[in-house]
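Novice: Just dropping this structure here.
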Amino acid sequence: MTFRFVHTADIHLDSPLKTLALRNADLSELIGLATRRAFVRIIDLCVDEHVDALVLAGDLYDGDQTSMKTARFLAEQLRRLDEAGIKTFIIRGNHDALSRITAELIMPDSVKVFGASADVVHVERKPGQFPVAVHGLSFAKPHAPESLLRHYALPVPDAANIGIMHTSLGGSAGHDLYAPCTVADLQQSGFQYWALGHIHRRSAVEAESSAIVMPGMPQGRDINEDGAKSVSLVTIRDDRSIVVEERHTSVAQFERLAIDISGATDWKQLVVDVSAKLDALRSSISVDHLVARIQVTGSTELAWRIRRDIDLLCTELEARGSIAGNGWIDKVHSACTPSETSSKGSGALEELTSIIENEVGVAAEYQQELRSIADELRAQLPAELRDIFGTDETTFRETLENFAREGSAEVMARLRGGEVE
Amino acid sequence: MRINRLDLTRYGKFTDGVMDFGSTAPGSPDLHVIYGPNEAGKSTTFDAMLDLIFGIGTTSRYGFLHPYSSMRIGGSIKIVGEDREFVRIKRPQNSLLDANGRVVPDALIRTDLGGIDRDAFTTMFSLDEKTLERGGEGILASKGDLGELLFSASAGLSDLSRHLSAIRADADVFYRYKARSGLLVDFKKRLADLKARRDELDLQVTEFQRLTTDRKNLGRAHDEALEERAATQRRMDEVKRILAALGPMARLSAARHELAQTDDVPYPPAFWRGELADLRSEEVEGRVRLEQVRKSIARTEQELEDTPADQRALDLSSRVAELSDLQPRYITAENDIPKLSARVAELSIENILVQLGRRGEIEPARLLLDAQTVGTLRALIEAKSGVDARTASAKDELKKVERASAAEEENGGVRAEASPDTAKAFEHLAATLKAIPRSDEQVAFRALSRRRDAASVAQAEALSRLLPWRGAIAELSSMVTPSAARVDQWKAASKDAQDKARTARADLDRLEPEAKRIAAELDAVRSQVGEIEEARAIASRASRDEAWAAHRRMMDATSADAFEDAMKSDDRLVSQRLLHFAEIGRLGQLLQRDAALRTDIETASESYKDALDNQNALRLQISNKLAAFASDGGMDAGPFEVEDWLRKRDVALRAREELAGVDQEIADLRDRVARSKKLLEDAMSAVNAMYHPDADIAALFAAAEDALSDFTIAASRAKEIARLHKELKERQQAFTDASRIADEWELEWKRACDGCWLAEPGAAQRTGAVAEILAALEKLASAIESRDSLIDRVQKMEKDRALFEGKVLELCKQLSIPLECSTRELAAFVYERLSIAEDGRDRRKKLTQELGDLRKDEVSLTSAREVLDARLAEMFEFFGATTLGEVEARIEVSGRRRMLQRSISALEQELLESSGKDDMSKLEDMIASADRDLLEDELARLMPVLADQDGRCSEIFHLKSKAQDALDIIGGDERVAEIEEQRRTTLLEIEESARRYMELRAGVAAAEQGLRLYRERHRSDMMARASSAFNTISRGAYKGVAAQPGKEGEVLIAVSASGGSNAANELSKGARFQLYLALRVAGYHEVLGNRPPIPFVADDIMESFDDFRAEETFRLFAEMAQRGQVVYLTHHRHLIDIARSVCPSVRVHDLDAISVSRRPDAVAAE
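These protein sequence lines map, in sequence, to chains A and B. Each residue of the first sequence is one higher than the one before, counting from 31 in our numbering. Each residue of the second sequence is one higher than the one before, counting from 900 in our numbering.
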């Protein structure tokens, strides 16, 4: 008799999506609370597939997640599993290491939350079925600079051994090191399946004798967590061979879309072109909702118009996206440059542009003015946003330079308004 | 950009009009002047150029001939160095077509404009008076930011600062310094709201832990409190039970004791106890009633015996009833007989007889008179007073007349009446007097003579006014005078001549000094110019030509020299003339003016002279006429004087007529008086009246009136006497009649009295007495009648009385009643006897009945007594008692015992139940050991303890429930997560808006600083150009323009040649327009500095410029036309000359010509 389980990690339950698309109240109805919805889907998957267990490899919540409502929700969902006779194995990761909300909950008996010291659970099996041992160890603190592998017990002989670990493996870009260890170490450990967590992008190493799976998160929360998101449905057959299936779970999927619009001369055509690209992307993705960040590039005589009317473009795309069906706009960026033909405006504007670019931009007086504007505004922002202009002098200066460049371009684009139309 | 050709195909008044500007000639200025008088379509052409480039406005005013749908303009335009054909139709979009009718983008035709829109173009390069001024004011209103202004002009951005302000405003929507509203504020408020909502809904984990612990502790505390409270409650219940049992136990003991004390007796049947009382009362009642019945029987028997029966009285009862019927009439008679007798006596027949004077009359009825006699007497009495009055009156009248006659006799007796002739003469006299008017001639004469004097004086005065004419008054009327029409004609002619003379004089007064001035000026100019008048030039030219002709003929050295001299002399003259061209022109003008003046003066002089001549001729004519009717007049011959004299003559003639009228009136009056006097004298002679022959008319009047008066008095006296005689006769007759009637009445009266007792001796016969007797007789008749009736009634009553008395006596005899008292008393005895007898009979009947009833009662009472005795015997036997009292006592004791036994068992039951014990003996032991006071003290102590424990329990329970509730409300719902998501989104929005804000602010700041730099760089060039242009246009009156720092930036000022400076609004209109134009010229050069050329069009903007300035302006235009196309529209023809003088290559287009020219291919293309 096989042993089947669903493996997921990094749920970050009730961690909100971070996109301006949610300004649209309708959309917020559709894709709001996506982490919750994705979690419900995972539970549904377990129930529908009649699996034996659900494995949660850390970071159920964000560390600052302290609402008991979240815990209650979690408990309710786990109770559904309990009622279906499915066991749950949970370890804590760096984010929920110190979370107290799980401790306060009364979990059904079928739920095992591993503690800060390694533990082995022998899964109850019917007579004649091969034994299954689940090993787990929770983060005791948000940081774990050392490898945790050595704390795990040796594999139980004759049993199918499943290890649950929260680790950054060898470390990957954008992530600090958490409980580092190598794939090779894991392969040599004698475990049949390593259920990992921590890295939000999926990766898996499947060999004949073992499988090491980092499932990624089930629901991306912002444009930096783009791409398709999934969980693993794992089957250990009687001959101990392992089949790992990837199951998509996300409600909304973030995608970046760069569109070259060189040569576009007509606004309407431009909108049609961009919409077409968006539609193409949409139809290539099977998720319920697509949230796209669009960047238009290339050299076009519409460059100024696009810069000036970027919000108009965004609105038009939003309208078309919603008509086409569940395609939403996170943001529209323009990186277009004016084409040769359109740059010949009046001499005066050219001269002014040149003055701004070459003389004003570097003038100390101007820098000072910008700085005071930024300081004044920063003082008025909510505490959470005090750092948006940068946390140190270098980034602050860079940010201001960026503002000056973009702002000048925008203002000049607006002044050219009469010409373009 | 250049307009090569403008097609006014269907636009305004134009149909197929073509304005061909031709092509440019290299090196030659592209300057065009379009000439057209008013209404030729100048403004239409001006606007057509704009409409071709920028489109026809939605409400164009040029759709009056060709409707909007068919409006069409077109032309050939040079764009980016290439000539292209365009057509513009009126349409909201796609209104620009190419030569083949295909739609082309608007941007194509405007390529060279580089973003200059219609407003900017109109402001800067397409000027009419309106836009020149409005744009100029715009420059002033820009508050002197000349750099920006020039930038706007050259960049085609008409309102740069507005754009920047708008961008800045966009940024400010998010956040503005110290503003209380704005997006950022809203966002922050939303964040605060979200946080508040979250706090309300959510339960954090720390709070959760606290609540869980609380709930656990409270649960334990609650259990403990409940246990304590239960123990207290139990003890309290126990004490209460013991206390409650103490009372019943005492009652139980008492009952037991009492039962032991009572005797043991048999228990009778239960109903006996109730029956006993009935038996006792039955026994007593039966005994008493029997005794009473027996007593009543004896008493009734005795009474029956005592009651007698009177049968004799009862037998007479019917007769006694008859008697009672008769009794009322008896009583009436008894009472009324004496009263009626008295009334008979009272009747006053005796008195009446005394009145009648017949006292003692034995038979009064004899005195009564029959009705006829009474009627006759009464009629005579009534007539008597009339007869007497008539007699007396006739007598009086007669006496009165007799007295009057006597008086008249004394006064002279009878006079004969006047004869009819005499009377007629007097009537004539009276008529004459009435007919002659009694006006006062003297007064009339005096008034007339006064009027005559006045008229005479007036005539003399009127004559004197006619001086110097001295003729007699009669001559005046016979004069032949000129008619009024003629005089009016003279007057008009005279006035006309005077007016003409005055006008001519005024002209001369004006012209002569002018002529002198011109002459002086001529001298002056001549002295400047020298002898180079036109005449001399012509002469010189003629002599040159002559010399040339001579030379040609001769062809020798001399002739050549002569020709050369003549040539040189002429050249010199010509060059001199050229030198003094202006003065020569002036000289020509002066000469011309001088000649004109001289002619005018001559004309005026002639007209003046004519007028004077006319005047003199008129005077002569009048003099002649005057001589015809007033030769010796020596009067003035003027028409007005003549008219005046004629008026005075009329006055004199009227005075003369007045005088003649008065004289006539006086003569008339005298005649009238003489005639009256004659008539009067005749009439007076007829009546022989006396009068003085010389008496005047007034005296005659008096005499006539006197005579008339005397005659009238005499006539009236005679008439009076005749009347008196006649009346006397009538009165005497009347008196005789009256006396006869009186005698007849006396006879009648006597006859009437003789027919009755009045004729008897002693009876009065005078009318008054008889009247009284008649009244008394009436009373007597009535009295006699009453007396007879009364006597009859008394007799009837006496009969009733006798009948009653008889019957009474008879009854009394039968009833053996002694007859010793009055009838009435006897009757009463009879009635009483009958009444007693009837009462006795009724009483006996009733007593017999009662006795029967009593005997029946006695029998039933006796049998009841026997039943009762048998019942009592039974009870006595049961108890072994002998009296009813004993029986009663025994029954009472048995009842008491039964009650005690019942209450003992009830108390025992109650105690067992309340104590919860099952054994009475144990209970008795426990209660025996209980102390009531101690138990009550304990209970009192326990009660507050229980209350405190109660409060504590519910308090802890409440806290526990609250903790439980707080835990229970935590659901797994998503509301908090939703709020968190909204908060995250809001933060993201703020971040995004903040970035955008920073970008916009940075951009605006960069643009502002950039603009400052740009301005500084370009300003000097522009200012220099504008200054130079202004200096040129104003012909040096102004050095140029300068920017001067003002309150709100720089202020543009004009710098005059003398170095003074004026703000633009202080300049004259002409100078201000020149300044505005100078700025446009500078702008044009500035714009063309870095872009392809564009046209400059102006529509008659030089109205306020003088010719010299216009010339300078054209010079600037020519300079501009070196770089681009310049088109000037005007209706001043002289400007064409000025333009030509400045720029010989200027192309002039006549609008009148183009409105008719057609383009065959254009027509064919349609």
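The C-beta atom is built at its ideal place from N, Cα and C for all residues, glycine as well. Keep in mind that this is a model prediction, so the values were computed, not measured.
List the endpoints of the continuous alpha helix (DSSP H) containing residue 1985 of chain B.
Specialist: For the purposes of this step, residue 1985 of chain B is taken as the residue at position 1086 of the second sequence. From DSSP, the alpha helix (DSSP H) with residue 1985 of chain B extends over 1968-1988.
Novice: Does the beta-carbon of residue 1968 of chain B have 16 or more other beta-carbons within 10 angstroms, so that it is buried, or is it exposed?
Specialist: Along the second sequence, read from residue 1 onward, the residue named residue 1968 of chain B stands at position 1069. By the neighbour-count rule (16 or more Cβ atoms within 10 Å), residue 1968 of chain B is not buried but exposed.
Novice: So with CB distances below 8 Å, who are the chain A contacts of residue 1903 of chain B?
Specialist: Translated into the one-based positions of the second sequence, residue 1903 of chain B becomes position 1004. Neighbours of residue 1903 of chain B on chain A, chain order: 437 and 441.
Novice: Are any of the Cβ atoms in chain A nearer than 8 Å to that of residue 1959 of chain B?
Specialist: Counting from 1 along the second sequence, the entry for residue 1959 of chain B is found at position 1060. No, no contact with chain A.
Novice: Which residue or residues does DSSP assign as beta-bridge partners of residue 2048 of chain B?
Specialist: Working through the second sequence from its first residue, we reach residue 2048 of chain B at position 1149. In DSSP, residue 2048 of chain B forms a bridge with B:933.
Novice: Determine which residues of the segment 1874-1899 of chain B have a Cβ less than 8 Å from any Cβ of chain A, and write them out in chain order.
Specialist: Going along the segment 1874-1899 of chain B in chain order, one finds 1874, 1875, 1876, 1877, 1879, 1880, 1881, 1882, 1883, 1884, 1886, 1887, 1888, 1889, 1890, 1891, 1893, 1894, 1896, 1897, 1898 and 1899 with a Cβ nearer than 8 Å to chain A.
Novice: Determine the extent of the beta strand (DSSP E) in which residue 227 of chain A is found, giving its start and end residues.
Specialist: Position 197 of the first sequence, counted from the first residue, corresponds to residue 227 of chain A. Segment 223-227, the beta strand (DSSP E) holding residue 227 of chain A.
Novice: What did DSSP end up calling residue 1243 of chain B once you bin it into helix, strand or coil?
Specialist: On the second sequence, residue 1243 of chain B is found 344 positions in, with the first residue counted as 1. Correct three-state label for residue 1243 of chain B: helix.
Novice: Quick check on the DSSP output: the beta strand (DSSP E) that includes residue 1352 of chain B runs from which residue to which?
Specialist: Residue numbering aside, residue 1352 of chain B sits at position 453 when the second sequence is read from its first letter. Note, residue 1352 of chain B: premise wrong, no beta strand (DSSP E); alpha helix (DSSP H) at 1340-1364.
Novice: Quick one: residues in its chain with C-beta nearer than 8 Å to the C-beta of residue 1145 of chain B, no 5 flanking neighbours on either side, listed in chain order?
Specialist: Taking the second sequence and counting its residues from 1, the one referred to as residue 1145 of chain B is at position 246. Contacts found: 1826, 1829 and 1831.
Novice: Measure from the C-beta of residue 415 of chain A to each C-beta in chain B and report whether the shortest distance is under 8 Å.
Specialist: The sequence position of residue 415 of chain A within the first sequence is 385, counting from 1. Residue 415 of chain A counts as touching chain B.
Novice: So that I know if they touch, is there some Cβ in chain A lying closer than 8 Å to that of residue 952 of chain B?
Specialist: On the second sequence, position 53 is the one that residue 952 of chain B refers to. Cβ-Cβ to chain A under 8 Å: no for residue 952 of chain B.
Novice: Does DSSP put residue 155 of chain A in a helix, in a strand, or in coil?
Specialist: Taking the first sequence and counting its residues from 1, one reaches residue 155 of chain A at position 125. If DSSP states are grouped into helix, strand and coil, residue 155 of chain A belongs with coil.
Novice: Report the residues of the segment 39-60 of chain A with a CB closer than 8 Å to any CB of chain B, ordered along the chain.
Specialist: Hits within the stretch, in order: 44, 46, 47, 48, 49, 50, 52, 53 and 58.
Novice: Which residue marks the beginning of the beta strand (DSSP E) containing residue 996 of chain B, and which one marks its end?
Specialist: Sequence index remark: in the second sequence, residue 996 of chain B carries index 97 (1-based). Residue 996 of chain B -> beta strand (DSSP E) spans 995-997.
Novice: Give the straight-line distance between the Cα atoms of residue 1522 of chain B and residue 1506 of chain B, rounded to the nearest whole angstrom.
Specialist: Your numbering for residue 1522 of chain B matches position 623 in the second sequence. Your numbering for residue 1506 of chain B matches position 607 in the second sequence. Cα to Cα, residue 1522 of chain B sits roughly 25 Å from residue 1506 of chain B.
Novice: Going by beta-carbon coordinates alone, are residue 42 of chain A and residue 65 of chain A separated by less than 8 Å?
Specialist: For the purposes of this step, residue 42 of chain A is taken as the residue at position 12 of the first sequence. For the purposes of this step, residue 65 of chain A is taken as the residue at position 35 of the first sequence. The answer is yes: Cβ separation under 8 Å.
Novice: Quick check on the DSSP output: the beta strand (DSSP E) that includes residue 325 of chain A runs from which residue to which?
Specialist: For the purposes of this step, residue 325 of chain A is taken as residue 295 along the first sequence, with counting starting at 1. Segment 319-330, the beta strand (DSSP E) holding residue 325 of chain A.
Novice: Using a cut-off of 7 Å between C-beta atoms, extract the partners of residue 2066 of chain B located in chain A.
Specialist: The shown model of chain B, from 900 to 2065, leaves out residue 2066 of chain B, and the question about it has no answer.
Novice: Do residue 75 of chain A and residue 277 of chain A come within 8 Å of each other at the CB atom, strictly closer than that value?
Specialist: To locate residue 277 of chain A, count along the first sequence from 1; it is residue 247. To locate residue 75 of chain A, count along the first sequence from 1; it is residue 45. Closer than 8 Å, so yes.
Novice: For the beta strand (DSSP E) holding residue 358 of chain A, just list the boundary residues, first then last.
Specialist: The residue you call residue 358 of chain A lines up with position 328 of the first sequence. Element bounds for residue 358 of chain A: 357-368.
Novice: Are the CB atoms of residue 1225 of chain B and residue 1702 of chain B within a distance shorter than 8 Å?
Specialist: Numbered from its first residue, the second sequence carries residue 1702 of chain B at position 803. Numbered from its first residue, the second sequence carries residue 1225 of chain B at position 326. Yes; because the gap between Cβ atoms is below 8 Å, this pair is in contact.
Novice: Determine the contact status of residue 196 of chain A and residue 88 of chain A, defining contact as a CB-CB distance below 8 Å.
Specialist: Within the first sequence, residue 196 of chain A is the residue found at index 166, counting from 1. Within the first sequence, residue 88 of chain A is the residue found at index 58, counting from 1. Cβ distance < 8 Å, so residue 196 of chain A and residue 88 of chain A count as in contact.
Novice: Can you have a look at residue 153 of chain A and say buried or exposed, based on whether 16 or more other CB atoms are within 10 angstroms of its CB?
Specialist: Here residue 153 of chain A refers to the residue found at position 123 when the first sequence is read from its first residue. Label assigned to residue 153 of chain A: buried.
Novice: Using a threshold of 8 Å, state whether the C-beta atoms of residue 981 of chain B and residue 998 of chain B are closer than that.
Specialist: On the second sequence, position 82 is the one that residue 981 of chain B refers to. On the second sequence, position 99 is the one that residue 998 of chain B refers to. Contact: no.
Novice: Roughly how far, in whole angstroms, is the beta-carbon of residue 1066 of chain B from the beta-carbon of residue 1959 of chain B, given that I think they are within contact range, below 8 Å?
Specialist: The count along the second sequence starts at 1 and reaches residue 1066 of chain B at position 167. The count along the second sequence starts at 1 and reaches residue 1959 of chain B at position 1060. Not really, about 42 Å apart at Cβ, beyond 8 Å.
Novice: Could you give the uninterrupted runs of the alpha helix (DSSP H) lying entirely in the segment 953-1010 of chain B, keeping only those of 4 residues or more?
Specialist: 1005-1008, all fully within the segment 953-1010 of chain B.
Novice: Leaving aside the five residues before and after residue 1022 of chain B along the sequence, list all residues of the same chain whose C-beta is less than 7 Å from its C-beta, in chain order.
Specialist: Sequence index remark: in the second sequence, residue 1022 of chain B carries index 123 (1-based). Hits under 7 Å: 1030, 1034, 1037 and 1057.
Novice: Give the DSSP-derived three-state secondary structure of residue 132 of chain A in the structure shown.
Specialist: Position 102 of the first sequence, counted from the start, is the residue given in the question as residue 132 of chain A. Residue 132 of chain A: helix per DSSP, three-state reduction.
Novice: Are residue 167 of chain A and residue 190 of chain A touching if we call contact CB-CB under 8 Å?
Specialist: By one-based count along the first sequence, residue 167 of chain A stands at place 137. By one-based count along the first sequence, residue 190 of chain A stands at place 160. No.
Novice: In this structure, does DSSP put residue 290 of chain A in helix, strand or coil?
Specialist: Residue mapping note: residue 290 of chain A aligns to position 260 of the first sequence, counting from 1. Residue state, collapsed to three classes: strand.
Novice: Do the segment 310-330 of chain A and the segment 278-293 of chain A make contact, defined as three or more Cβ pairs closer than 8 Å?
Specialist: The answer is yes - the segment 278-293 of chain A touches the segment 310-330 of chain A, with three or more Cβ pairs under 8 Å.
Novice: Please check if any C-beta of chain B sits within less than 8 Å of the C-beta of residue 321 of chain A.
Specialist: On the first sequence, residue 321 of chain A is found 291 positions in, with the first residue counted as 1. No, no contact with chain B.
Novice: Compare the C-beta of residue 33 of chain A with all C-beta atoms of chain B and state if any pair is closer than 8 Å.
Specialist: By one-based count along the first sequence, residue 33 of chain A stands at place 3. It does not; no Cβ of chain B falls within 8 Å.
Novice: Counting along the chain, where does the beta strand (DSSP E) carrying residue 181 of chain A start and finish?
Specialist: In the first sequence, counting from the first residue as 1, residue 181 of chain A sits at position 151. No beta strand (DSSP E) holds residue 181 of chain A; DSSP gives it neither H nor E.
Novice: Compare the C-beta of residue 1811 of chain B with all C-beta atoms of chain A and state if any pair is closer than 8 Å.
Specialist: Counting from 1 along the second sequence, the entry for residue 1811 of chain B is found at position 912. Not closer than 8 Å to any Cβ of chain A, the Cβ of residue 1811 of chain B fails to qualify, so no.
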